[in-house]
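Here is the structure we will look at.
In my numbering, the protein residues as written are 3 to 595.
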């Protein structure tokens with residue numbers, strides 16, 4: 003659309019990496035890093051986002067020329083960003099934009115029904131282009147994280163914030179939006195100077211949300227819940243700079259707000275979308291932390307998805323979370339009592355049942371859900387650096403849409419973790435015997451190896467590999483700002499895709515069954531998500547434990563051996579201090595018997 007058209011009269015901006023442009027040399031534009039940087043043994047700092055290239059506006063005359071083409075000509079002073087008022091005021095742009103009327107709801111239930119043609123010509127939030135950083139941050143966030151439903155898409159992602167930002171939005175929501183928009187742009191390689199300002203907005207948003215929660219009326223509003231969810235987004239993009247536990251806290255806060263309101267208050271379309279986003283975040287949090295589902299699996303399913311495939315998917319993932327929490331409790335027991343044996347065996351059987359349900363879920367998927375084979379890549383030879391490669395030798399798959407690929411990979415990662423649970427049970431039941439010689443291990447090796455291969459094969463699709471040569475690799479999703487789809491051959495992947503893929507990548511990379519080259523490749527993708535896509539939560543995953551389940555089994559057996567040695571030493575060591583000769587004699591007789 004006209005708001006993001008490359009400004010005329012400025013010449014074609016360089017698409018080279020930051021280091022090559024600084025050195026004033028021609029860049030080969032290799033992905034994910036250029037060869038010129040590698041030759042001088044420097045880490046390639048990456049490329050400017052195509053969105054940034056389209057934001058060039060260097061002359062007053064060009065501004066005037068462009069503004070004359072705009073329906074809404076209001077501008078903003080970048081100096082006023084200091085108190086967040088202008089960036090928060092982007093909600094006012096959302097409310098009064100002529101193009102926004104095309105995608106604004108007529109009722110609470112009609113919000114997500116848009117025509118793809120309308121997206122192509124008018125489904126845009128930002129009505130003009132200008133250099134002030136507040137507009138850049140707003141449009142960048144909307145263009146990278148707010149996914150709109152299109153003709154063949156099941157649902158959007160975070161699109162429920164758009165109607166909440168209309169008119170006069172809640173102050174806590176405006177400030178939370180300000181914080182996350184500034185942070186999302188600030189984590190990009192060329193915008194780090196924005197991060198202190200983003201932190202300031204974050205603190206202000208927390209203050210406003212705290213005040214809002216003291217009022218029972220405002221505490222139960224959709225705006226308050228959306229503000230908390232936006233702060234969880236903030237933690238995902240800035241995770242390494244603040245305690246990574248803050249993300250857990252915001253997710254817990256969103257769950258608490260849902261519990262306080264009850265499922266009966268989430269029956270409209272927009273509110274169901276909010277519920278499903280909270281449930282998806284909470285499910286990953288429960289699984290990652292091996293935390294029991296609160297309040298229960300059935301409670302989370304009271305607001306069901308309209309699609310039966312997604313409804314069953316949500317149920318199975320919640321069951322995996324509960325099984326992992328139970329696994330932590332029962333396999334950490336050292337005493338080999340009959341009750342403990344029964345509990346561990348029961349857990350193993352439950353995990354095997356859920357695994358069978360996952361197999362049936364995959365088999366029941368319609369053709370539109372199945373991955374499509376695109377090509378096969380051969381081995382690159384000894385010494386190849388898979389950590390910086392866009393692809394891994396083997397199969398490359400594409401999907402009909404990104405939302406489907408996301409659900410498939412989450413399900414694959416959950417199945418891998420199910421086999422981790424099963425093997426931990428097998429190892430516990432076998433005491434100190436070699437669990438790698440069991441039938442369960444052989445099956446896990448076969449199944450998990452295939453699941454890891456599927457995740458690896460999907461990565462190029464998430465990162466837009468070869469989309470200039472293969473239309474099937476082009477992402478056709480619609481976002482709240484920018485042109486429809488991701489058809490630009492040189493455009494980087496949307497930051498949301500990094501959030502969608504990073505958990506499955508971590509699970510696959512941390513499994514015992516991953517190949518060394520696959521692990522290098524997957525961890526390299528996590529580093530790319532963190533450093534180039536600005537999702538710093540990926541760097542937290544890079545520091546998380548590897549080698550599952552062996553690392554847990556080894557730790558449990560070490561504790562069991564230490565406990566056995568301590569018990570034996572306690573039994574054999576006579577304690578003679580402050581005891582009479584008669585007691586000492588009886589103790590000696592007992593030891594001899």
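Ideal placement from N, C-alpha and C gives every residue a C-beta, glycine not left out.
- Apart from sequence neighbours up to five positions away, the residues of its chain that approach residue 159 with a beta-carbon distance below 6 Å are 149, ordered along the chain.
- For residue 379, the enclosing beta strand (DSSP E) begins and ends at 374-379.
- Check the Cα spacing between residue 374 and each of 348, 350 and 403: the tightest is with 403.
- According to DSSP, residue 550 shares a beta bridge with 513.
- Residue 355 is classed as exposed because its beta carbon has fewer than 16 other beta carbons within 10 Å across all chains shown.
- Collapsing the DSSP output to three states places residue 557 in a helix.
- In this structure, the alpha-carbon of residue 480 lies about 36 Å from that of residue 547.
- Within 10 angstroms of the beta-carbon of residue 139 lie 16 or more other beta-carbons, which makes it buried.
- In the DSSP assignment, residue 251 falls within the alpha helix (DSSP H) that extends over 247-263.
- Residue 466 sits in coil when the DSSP states are folded into three classes, being neither helix nor strand.
- Secondary structure note for residue 399: its beta strand (DSSP E) is the uninterrupted segment 396-400.
- Per DSSP, residue 277 is one residue of the alpha helix (DSSP H) stretching across 271-290.
- Residue 508 places its beta carbon less than 8 Å from that of residue 528.
- With respect to the C-alpha of residue 467, the residue from 341, 449, 314 and 494 having the closest C-alpha is 494.
- Judged by pairs of C-beta atoms under 8 Å, the segment 224-231 touches the segment 160-178, as three or more such pairs exist.
- Closest in C-alpha terms to residue 144, from the list 470, 164 and 326, comes 164.
- Assignment of residue 480 by DSSP, reduced to helix, strand and coil, places it in the strand class.
- DSSP links residue 22 through a beta bridge to no other residue.
- The shortest C-alpha to C-alpha distance from residue 472 to any of 336, 401, 540 and 513 is the one to 401.
- For residue 229, the enclosing alpha helix (DSSP H) has its first and last residue at 224-239.
- The residue among 193, 425 and 448 with its C-alpha nearest the C-alpha of residue 550 is 425.
- Within 10 angstroms of the beta-carbon of residue 28 lie fewer than 16 other beta-carbons, which makes it exposed.
- Shown here, residue 508 sits in a helix according to DSSP, grouped into three states.
- Straight-line measurement puts the Cα of residue 427 at about 37 Å from the Cα of residue 392.
- Rounded to the nearest whole angstrom, the CA to CA distance from residue 397 to residue 203 is 45 Å.
- By the CB criterion at 8 Å, residue 416 and residue 329 fall outside the cutoff.
- Remark: C-beta atoms of residue 430 and residue 346 approach each other more closely than 8 Å.
- Assignment of residue 159 by DSSP, reduced to helix, strand and coil, places it in the strand class.
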